[in-house]
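Novice: Quick one: the structure is below, questions incoming.
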Amino acid sequence: MRRWMNHPGGARWAYVFGSVLLFLFISQTITGVFLALYYVPSATSAHTTVAYIVKEVTGGSFLRSLHAYGSSAVVIVLLLHLTQTYLYGAYKGRRELLWISGCILLALMLAMAFTGYLLPWDQKAFFATTVGTNMASDVPFIGTWLKRFMRGGDEMGTLTVSRFFVAHVFVIPAVLIVFIATHVYLFRKAGAAGPPSEDPLNPKLPTQRFYPRQVVMDTIVALFMILILGLLAHFSPTELGPKANPADTQYIPRPEWYYLPIFQWLKYWRGPYAIIGIIVIPAITASLLVLVPFIDRRLERRPWRRPIAVGVFLVTLICFVLMGLMSERDDQRDPSIAKQVAKQREETEQFMREPFQPEGAASSLSAPAVSVLDPLAAAGKKVYESESCDACHGENGVGTAAGPKLTGATAQKPAEELSNLLRHPTAKMIEGEMKPVDLSDEDLKALVAYIKSLK
Amino acid sequence: MSEADDAPAITRDDDSVTRRSFLGVLLGFGTVVMGAALSVPLIRFALHPLLTKTTEIGWSDIGKTDEFASLTAPAKRLIKVEQRDAWRKIISEKAVYVLPPKDGTMRILSPICPHLGCSIPWNEAKQEFICPCHVAVFAMDGTKISGPAPRSMDALDSKVEDGMLKVRYQYFRQLIPTKEPLS
Chain U
5 MRRWMNHPGG ARWAYVFGSV LLFLFISQTI TGVFLALYYV PSATSAHTTV
55 AYIVKEVTGG SFLRSLHAYG SSAVVIVLLL HLTQTYLYGA YKGRRELLWI
105 SGCILLALML AMAFTGYLLP WDQKAFFATT VGTNMASDVP FIGTWLKRFM
155 RGGDEMGTLT VSRFFVAHVF VIPAVLIVFI ATHVYLFRKA GAAGPPSEDP
205 LNPKLPTQRF YPRQVVMDTI VALFMILILG LLAHFSPTEL GPKANPADTQ
255 YIPRPEWYYL PIFQWLKYWR GPYAIIGIIV IPAITASLLV LVPFIDRRLE
305 RRPWRRPIAV GVFLVTLICF VLMGLMSERD DQRDPSIAKQ VAKQREETEQ
355 FMREPFQPEG AASSLSAPAV SVLDPLAAAG KKVYESESCD ACHGENGVGT
405 AAGPKLTGAT AQKPAEELSN LLRHPTAKMI EGEMKPVDLS DEDLKALVAY
455 IKSLK
Chain F
154 MSEADDAPAI TRDDDSVTRR SFLGVLLGFG TVVMGAALSV PLIRFALHPL
204 LTKTTEIGWS DIGKTDEFAS LTAPAKRLIK VEQRDAWRKI ISEKAVYVLP
254 PKDGTMRILS PICPHLGCSI PWNEAKQEFI CPCHVAVFAM DGTKISGPAP
304 RSMDALDSKV EDGMLKVRYQ YFRQLIPTKE PLS
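Protein chains in written order, with the numbering used here: chain U, 5 to 459; chain F, 154 to 336.
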């Protein structure tokens, strides 16, 4: 048993990534369990409860950010772990199962990132997942069924949230734990491969025990990692956008940074050939990755002696990075997209500035009923409709693609400020096509009363 | 270090014991500090509902003051109380008694018996509040007359705004002689 814990050639900084991944997994589990204290997986409550976590609960924004940045950190360290193992040829010498279990862990972690992304149910989450699940329908034969299975129906809705929640919190983590245990067991069984010059089957270099040197290195990197995540979460907390609005036709969804290369890749595949880009090529790439230990069977591990294996890997990696950058550049070059993306960012910041709005219970008096009771607000509702305010701001001020909602922060502004804004819109409002309102004082007063009655 | 290894072991004699153990202690210390620093937000997060003050109960409308100007007996009114339940806003209906105004001031009573919390009805015939549970009896102004209640009926905070009588609904601790609001 003890032999398995020895490193041929001694401890190295290059070997820290596996331990750091385990550490990040534990950190994600802890923060995830705590977030679940306040989260409700339904289309009606998901966004409200995440907003509650971010805006009301002590340390909520910090913990959520730690969890969100943690998921990015997992992807980065996974890539580093994969690259190190690949370049060092550490999959060689009866390590096929160890490599395959690692590939499965990679897929599971990406699935965690995908399912977790939807849970806040904000605009970004909703539209990115709409696109993501749509892609499933390109799978041959079972595509349509698969999409409906993932969504729990034809449309994205409350069943989608609960399905993604169950996958993210129960199913995938359970499978992850099994494969992490398998991966660690297989690693200990095969033994550490050591530096690239080492014989993968019969290590000849002097060995050093995993403890203390490698443990110390692993711990230092893990501590450094959590320090960075903590600083990021504290100084640049993850934002939450406005609640998902399926009726929004303007929204431009963009996936999380690690999915950008795939997003860009899909742009090149249109029409009947889309299946090649969406299914065939990724399936081949994934199979090649899984089968690497069976394809590259020589015991030679030094990267400079494996030009093809290393070349293919590096070219693929560079293509990924380039496609991610191109996606970013495409968005910046297209003025209409850049404008819409900027608008979306502004909406997110606006939402973050607004105070928390509690969810109205079913037994509550609804806002329209209240406004009908107040004669002034009722008169204001007529003005609101006759002046076609509803054309842009929607029925009962809920907002449309063309104009922001009036409920919430706007309705809570003092009456004088509202009448002033209606008469003299700010430059930003005018830019958004808001016209100065030309009304009698009486009508204006009624309109303001109506806006203030909106909830 | 296992002797069963095929390969000889690396020994690091250059590291003096003191330097090594110092670094070990430093790292252990760092880990503990980091762990403690991270558990603080976790604990605060989990204890949030206990550590934050419960939101103040707002004012509920009872009705226009003119309605109550000519009261001769306590009038039962239902009010809507808006409360926060974490991320939810709940509106529940509660009953209160509006007392006949005395020297122009309005008093509102909670119908909850300070004994064991039963709802006390106004007995029109006897002109008294009589608790149906353990027969605590109170006068028209809520003063305790007889029975097991430790104190008189509880008055609620009230105010008049633009001719509208408003009340702040509260619960009070039972079975004690003083009126003590429950948060």
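Note that the Cβ used here is the ideal one computed from N, Cα and C, for glycine as well. No experiment lies behind these values; they were computed from the predicted model shown.
Could you have a look at Pro194/F and say whether DSSP puts it in helix, strand or coil?
Specialist: helix
Novice: Give me the residue from Val173/U, Pro124/U, Val143/U, Leu150/U with the minimum Cα distance to Thr162/U.
Specialist: Pro124/U
Novice: Since Gly63/U meets chain F, which of its residues come closer than 7 Å, beta carbon to beta carbon?
Specialist: Chain-order list of chain F residues neighbouring Gly63/U: Pro194, Arg197, Phe198, by C-beta distance under 7 Å.
Novice: Check Ser314/F in the structure and name its three-state DSSP category.
Specialist: According to the sequence as given, residue 314/F is Glu; it is not Ser. Strand, per DSSP.
Novice: If you check the beta carbons only, do Ser46/U and Val165/U fall under 7 Å apart?
Specialist: yes
Novice: When you compare the CB positions of Ala18/U and Gln88/U, do they come within less than 7 Å of one another, or not?
Specialist: yes
Novice: According to DSSP, simplified to helix, strand and coil, what is Leu458/U?
Specialist: When secondary structure is reduced to three states using DSSP, Leu458/U falls in the coil class, being assigned neither helix nor strand.
Novice: Could you check what DSSP says for Ala226/U in three-state terms: helix, strand or coil?
Specialist: helix
Novice: Could you check whether the Cβ of Val58/U sits closer than 7 Å to any Cβ belonging to chain F?
Specialist: no
Novice: For chain U, check one thing: does any of its Cβ atoms lie closer than 7 Å to the Cβ of Trp212/F?
Specialist: Not closer than 7 Å to any Cβ of chain U, the Cβ of Trp212/F fails to qualify, so no.
Novice: Rounded to the nearest angstrom, what separates Asp126/U and Ala237/U at their Cα positions?
Specialist: 19 Å
Novice: The alpha helix (DSSP H) spanning Ala251/U covers which residue range?
Specialist: Where Ala251/U is concerned, there is no enclosing alpha helix (DSSP H), given that its DSSP letter is neither H nor E.
Novice: From what residue to what residue does the alpha helix (DSSP H) around Glu361/F run?
Specialist: Given a span of 154 to 336 for chain F in the structure shown, any question on residue 361/F remains unanswerable.
Novice: Quick check: the region 26-41 of chain U against the region 58-78 of chain U, are there 3 or more CB pairs under 8 Å?
Specialist: yes
Novice: With burial defined as no fewer than 16 other Cβ atoms inside 10 Å of the residue's Cβ, what is the status of Tyr272/U: buried or exposed?
Specialist: exposed
Novice: What residues in its chain sit with their C-beta under 6 Å from that of Arg304/F, if we drop five residues either side in the sequence?
Specialist: Pro267, Pro330
Novice: Quick one: using the 10 Å Cβ neighbour count with 16 as the cut-off for buried, is Val296/U buried or exposed?
Specialist: buried
Novice: Strictly below 8 Å CB to CB, what residues from chain U border Thr184/F?
Specialist: Thr223, Leu227
Novice: Would you list, in sequence order, the uninterrupted alpha helix (DSSP H) runs of no fewer than 4 residues that lie entirely inside the region 242-315 of chain U?
Specialist: 264-271, 285-299
Novice: Would you kindly work out how many angstroms separate the C-alpha atoms of Leu233/U and Thr218/F, rounded to a whole number?
Specialist: When rounded, the distance between both Cα atoms is 59 Å.
Novice: Distance, Cα to Cα, Leu318/F vs Ser69/U?
Specialist: About 46 Å.
Novice: Kindly identify the DSSP beta-bridge partner or partners of Phe131/U.
Specialist: According to DSSP, which records beta bridges pairwise, Phe131/U is partnered with nothing at all.
Novice: Expressed to the nearest angstrom, what Euclidean distance is found between the alpha-carbon atoms of Pro202/F and Phe317/U?
Specialist: Inter-residue distance for Pro202/F and Phe317/U is about 51 Å (C-alpha atoms, whole angstroms).
Novice: So, does the CB of Arg122/F fall closer than 7 Å to a CB anywhere in chain U?
Specialist: Look at the range of chain F in this structure, 154 to 336, and you will see that residue 122/F is not part of it.
Novice: Does DSSP put Leu209/U in a helix, in a strand, or in coil?
Specialist: coil
Novice: Listing by chain order, which chain U residues have their CB less than 7 Å from the CB of Leu309/F?
Specialist: Listed along chain U is no residue with a C-beta nearer than 7 Å to that of Leu309/F; the closest approach is about 22 Å.
Novice: Decide if the region 334-342 of chain U is in contact with the region 95-102 of chain U; the criterion is three or more beta carbon pairs, one per stretch, under 8 Å apart.
Specialist: no
Novice: May I ask which residues mark the beginning and end of the beta strand (DSSP E) holding Asn424/U?
Specialist: Note, Asn424/U: premise wrong, no beta strand (DSSP E); alpha helix (DSSP H) at 419-427.
Novice: Using DSSP with H/G/I as helix, E/B as strand and the rest coil, what is Phe38/U?
Specialist: helix
Novice: For a contact meaning CB atoms closer than 9 Å, what does Thr52/U contact in chain F?
Specialist: Trp240, Arg241
Novice: Could you check where the beta strand (DSSP E) with His11/U kicks off and where it finishes?
Specialist: Residues 10-12.
Novice: For the alpha helix (DSSP H) containing Gln344/U, list its first residue and its last residue.
Specialist: 339-357
Novice: In three-state DSSP terms, what is Gln88/U?
Specialist: helix
Novice: What does Pro216/U reach in chain F if we use C-beta pairs closer than 8 Å?
Specialist: Chain-ordered, the chain F residues with CB closer than 8 Å to the CB of Pro216/U read Gly177.
Novice: In chain order, what residues of the region 216-236 of chain F put their CB closer than 9 Å to some CB of chain U?
Specialist: So the list reads Lys233, Glu235, given in the order they occur along the chain.
Novice: Is it a yes or a no for the region 148-156 of chain U touching the region 165-176 of chain U, going by three-plus beta-carbon pairs under 8 Å?
Specialist: yes
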